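If you're matching positions, the sequence shown starts at 9 in the numbering used here and goes up one per residue.
Just so you know, even glycine gets a beta-carbon here, dropped at the ideal spot from N, CA and C.
In this text the structure is predicted, and so the values were computed from the model without any measurement.
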Amino acid sequence: MNRQSIKKSNRRYHRAQRIKKIRKHLEDDGRFLQLKNFNHHGATSVHTHVVNVAWWAHRLADLLPAKTDRESLVRGALLHDYFLYDWHDNHGHSPHGFTHPRTALNNAKDDFDLNEKESDIILSHMWPLTIRPPKYRESWLVTIADKIATFEETLGKRKSKKYRHPKTSGK
Ligand SMILES: [Fe+2]
Ligand SMILES: [Fe+2]
C-alpha cells in the first residue's frame, strides 16, 4: 500500500468513526432510532438515508481545502430529515417537501441542543425547493449531499460500498 492509499484509508476510517460516534449519541439521547420505522426513497429507511447523507457530506468536506466544522456537519446531516412521520401516508396532498425542514428542526430542538449551523443545515437542506438558501459552508455541503444520496437511493444503488462505509450503516 502506498502512502496515498494509506492516507485515503485513514481518512475513510476516521470519517466512519466520527459518523458512528455521533449517530450513537443521537440514538441514545433522542428519537433517532425511530427513523428506522419510516421508508424514504424506495426501500431505503430515513435512518439509512440520513447516514448516507452524513457520509457524503463528510466526504465532500474532506475534498475541500477550506476548513469545516465536522461535528456540526455530521449532526446537522443526521438530523436534517428528523420529521418522524411517514410522508407517503399524505397521498401527495400535504406539501411535505416544503414543510418538513421546519418540522425536523422543531423535533430536533425538542430532543437536542442545536447550534446555529446545525439549525441552518436542517432548515435549508431542501434549497432551492424552499426559498431560504444555506448560510454556512456546512449547510451547502449537506444540501448537495442530500441530492446525491437521494439520487443514488432512488436508483437503488444504496448498497454501494463506494459511498457508504459499512461501519456507518444504519442497518
Ligand atoms: Fe429532506
Ligand atoms: Fe434528505
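According to DSSP, is residue i part of a helix, a strand, or is it coil?
| i | result |
| --- | --- |
| Asn47 | strand |
| Gln12 | helix |
Could you work out which residue in the options is closest to residue i when comparing CA atoms only?
| i | options | result |
| --- | --- | --- |
| Ala116 | His96, Leu41, Trp95 and Ala157 | Leu41 |
| Arg83 | Thr111, Glu124, Arg20 and Asp70 | Glu124 |
| Ser80 | Leu122, Asn45 and Asp118 | Leu122 |
| Lys75 | Ile152, Thr158, Val150 and Glu146 | Glu146 |
| Arg26 | Arg78, Ala153, Asp118 and His96 | Arg78 |
| Ile130 | Asp119, His108, Thr158 and Trp64 | His108 |
| Leu68 | Ser53, Ala85 and His55 | Ala85 |
With a threshold of 6 Å (Cβ to nearest heavy atom), would residue i be considered close to ligand 2?
| i | result |
| --- | --- |
| Asp121 | no |
Legend entry - Environment of ligand 2 in chain order, Cβ to heavy atom below 5 Å: Residues flagged by the Cβ proximity filter: Asp89 and Asp154.
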